[in-house]
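Trainee:
Numbering (my numbering), first residue to last: 214 to 280.
(1) Could you give the first and the last residue of the continuous beta strand (DSSP E) run that contains residue 247?
(2) Express the C-alpha separation of residue 261 and residue 254 in angstroms, rounding to a whole number.
(3) Does the distance from the CB of residue 235 to the CB of residue 269 come in under 7 Å?
(4) What are the boundary residues of the beta strand (DSSP E) that residue 223 is part of?
(5) Excluding the 5 residues flanking residue 276 on each side, which residues of the same chain have their C-beta closer than 8 Å to its C-beta?
(6) Does residue 238 come out as helix, strand or coil in the three-state DSSP assignment?
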């Protein structure tokens with residue numbers, strides 16, 4: 214499984230998934246036009262990692278969210 218990095222925009226948060234450390238970081242603003250589309254791959258990635266290997270640390274630092 215590969216690490217994921219998605220740069221933040223004015224409407225979406227920066228996303229950093231680090232497989233080796235088992236850490237998901239979300240920071241910034243979360244007001245995407247289609248939240249299901251934006252978050253579905255991240256949820257699937259987390260589910261896969263949790264089901265195969267246990268716990269994932271999630272750090273959320275959002276200044277604003279509306280999803």
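We put the beta carbon where it would ideally sit given N, CA and C, even for glycine.
Mentor: Short version:
(1) Run containing residue 247: none; DSSP gives neither H nor E here.
(2) 11 Å
(3) yes
(4) Premise fails: residue 223 is in no beta strand (DSSP E) and is neither H nor E.
(5) 241 and 242
(6) strand
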